[in-house]
Amino acid sequence: MAAVSAKVSPHSLSSLRKGFNPGKAFSDMQRIQYLDGLRGWAALFVLFHHLLLAFAPDGRESALHTSPVSAPLGFLTDGPLAVAIFFILSGIVLTAAVTSAQERGLHLRLGPLLVKRWLRLGIPIFVAGLLVLALFTVGLDRSIAIGWASESSFMRSFFPPGYDPSLLLVLKEAFIASFLGPTPPHDPVLWTIRIEFAGSVLVFLLALLLPAGRLRLAAAVVTGVALAVVPADWPSRIPLGWIGNYCALFALGVALFELLRLHHQRGGRNDPWRDAFGFTLLALGLVLYPLFGIRVYDVAAIPPVIGEAPLLGGSQLRAVLVVAGVLLSPSLQLFLSNATSAFLGRVSFGLYLLHAPLIWSAGGLAYFPLAARLGHWPAALLAALAVIVLSLCAAALFHQWVEQPSMRLSARAAALAAMPGRLFRRPLFRSLGRGSVGRNLELLPVAARRNPRHPFE
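Residue numbers for the sequence shown follow our numbering, so the first one is 262 and each next one is one higher.
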């Protein structure tokens, strides 16, 4: 598929006979660089999306996304599209990681994988919550003031009335509410974490219970279709269908990985048409789709607690087109592996967690003095620029000081959890063929790094 392949050195049989290092299965998972880059750009577009909601009057975002002039660039501020891309990517890379470990003789179990996932997500969320607590403590919450100045109901209703966070509340929201619900008030973007964790469980089950190949591909497709058609408000007492709707994207990611693997096993070549077809799909998903004003059925309506998203079904379809285009095009993969994309990929989780607190604190501090002199729009643009720069810098520090230690800690915790028992040690069904599954990182062809996997993966 591309000129560079990610080589994975399998463990020899002799090394396996000498003993299994349980930590290896959880700390030696590798990253696929161009998918990391795509995630990084998506995280940046989420930041742009929230800046637009914060500093533009109500309805301006919808006008920008439907105007024939601005619609082709609407993807730059399309948060629902970026989130859908996150979920598909998670399905691909989690499947690649588990399959790679299985090929190398590392016996993974569901429990330790979930322990690692929970801590890898929960620890950074908790630290980001401490930032929110600190900003509230020193009186830097400017959300309501920004909302009135910019006529933005998004900012006026950012926190519940009378919200007063405490350390115990942040701890509970980070490690429990983020994963089980309801959405933590201290950072509303955390509504995606519940879906991320549920989707991860789905991916792990598909990858652990079924061998890589046609059987897993068929199961992923059937599961994805079934989840996509579940009514969003089902069951009536505690609506959870919308979570299943989103989890369909994770199943789609599993299916895409298996399709790539089968293509690679058949000696898939880097045909010239792949670039052209990949760019066509990307253009259709990013530019032409909103320009034509296409509408699709809303299979994943967001509950009222999160907000309206009338084009969410369209965002899901567009995300499929974007990811498929990237998987097909070596040129797009090369761009998403450059230095800028690699940086955005590294800091993407920190950028996702930290940008909202910086908007309602630092953004407000920058906006009001500037607005008094320059007026609303120049002040909003300068404040947004300041938030972007500050968010990127904070995310880089966050990655080094918080994410990397949390990666090591979660890997060690998963290794300890892997010691007892052998549940889900092997697939329930034997492979239908003898094709190697160990080249799965080669079919996602960019050299992988050695550092632990990203929290979204």
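For every residue, glycine included, the Cβ atom is placed at its ideal position computed from N, Cα and C.
Going by C-alpha to C-alpha distance, which of the options sits closest to residue i?
i	options	result
L626	R378, A647 and L612	A647
A468	R417, V354, V548 and T360	T360
F397	A435, L337, S622 and V515	S622
C508	H447, P591, F347 and L658	F347
L488	Q294, L367, H616 and A512	A512
A632	L651, E664, A358 and I407	I407
L432	V376, A389, A410 and G340	A389
P341	F629, L545, A617 and R579	R579
G586	A603, A617 and L517	L517
P630	F610, P318, R403 and R378	R403
L677	R370, L299 and A332	R370
S414	I386, G514, A317 and P426	A317
D448	L394, V399, L401 and L470	L394
A332	L582, A656, G546 and G400	G546
L619	S609, I649 and S602	I649
P443	V608, Y295, A357 and I499	I499
P446	I386, A481, W495 and A493	I386
P426	M416, L651, G400 and L441	G400
S461	Y295, V354, G301 and A674	V354
G352	A679, I405, A481 and L367	A481
L296	R607, R673, A674 and A479	R607
A645	S418, Y628 and A657	Y628
L240	G372, L593 and E664	A question about residue 240 goes unanswered here, because the residues of the chain that appear run from 262 up to 718.
G301	V663, I405 and A657	A657
S418	L428, S602 and A315	A315
G624	R527, P533, I405 and D319	I405
In whole angstroms, what is the alpha-carbon distance linking residue i and residue j?
i	j	result
S424	L451	The residue asked about is misnamed: residue 424 is Tyr in this sequence, not Ser. Their Cα atoms are separated by approximately 17 Å.
L597	L588	11 Å
L614	Y550	29 Å
F538	P591	11 Å
F336	L305	11 Å
L744	V548	Not covered by the structure: residue 744. The range shown for the chain is 262 to 718.
L374	R365	17 Å
H637	S411	8 Å
P422	L430	16 Å
E383	S439	In the sequence as displayed, the identity of residue 383 is Gly instead of Glu. Taking the straight line from one Cα to the other gives about 8 Å.
V376	I437	13 Å
R691	T541	Only weak support exists for where R691 lies, its pLDDT of 46 falling under 50; the value from the coordinates is given anyway. When rounded, the distance between both Cα atoms is 38 Å.
T242	L520	Past the boundaries of the shown model lies residue 242; the chain is included only from 262 to 718, so the question cannot be answered.
W409	L391	27 Å
L523	G611	34 Å
F659	L653	10 Å
A600	G298	9 Å
Q577	L510	8 Å
A435	A343	22 Å
A544	F420	37 Å
D494	V515	25 Å
M416	R378	31 Å
A303	L350	11 Å
G694	A357	Because the pLDDT of G694 is 40, which lies under 50, any placement of that residue in the model is unreliable, and the question is left without a value.
F604	H616	16 Å
Q294	L635	42 Å
A575	A345	The sequence given here has Gly at residue 575, not Ala. Looking at the two C-alpha atoms, the distance is approximately 10 Å.
S609	Q661	12 Å
H368	A674	16 Å
L478	E664	32 Å
H525	R535	14 Å
V583	T338	15 Å
Measuring only from the beta carbon, is residue i closer than 7 Å to any heavy atom that is part of the ligand ZN?
i	result
V388	The ligand ZN is not among the ligands present in this structure, which contains no ligands whatsoever.
Closer than 8 Å is the cut-off here; do at least three beta carbon pairs connect the region 455-464 with the region 503-510?
yes
Three CB pairs or more closer than 8 Å across the region 660-670 and the region 630-643
The answer is no - the region 630-643 does not touch the region 660-670, with fewer than three Cβ pairs under 8 Å.
What are the uninterrupted segments assigned as beta strand (DSSP E) that are 3 or more residues long and contained completely in the region 634-689, given in chain order?
none
Under 8 Å, with one C-beta from each stretch per pair, do the region 464-479 and the region 310-317 reach the 3-pair mark?
no
Where in the region 369-439 do unbroken runs of the alpha helix (DSSP H), each at least 4 residues long, occur, reported from the N-terminal end onward?
371-398, 404-411, 414-417 and 428-433
Give, in chain order, every unbroken run of the alpha helix (DSSP H) that is at least 4 residues long and sits entirely within the region 489-535.
At a cut-off of 4 residues, the continuous stretches assigned as alpha helix (DSSP H) that sit fully inside the region 489-535 are 502-526.
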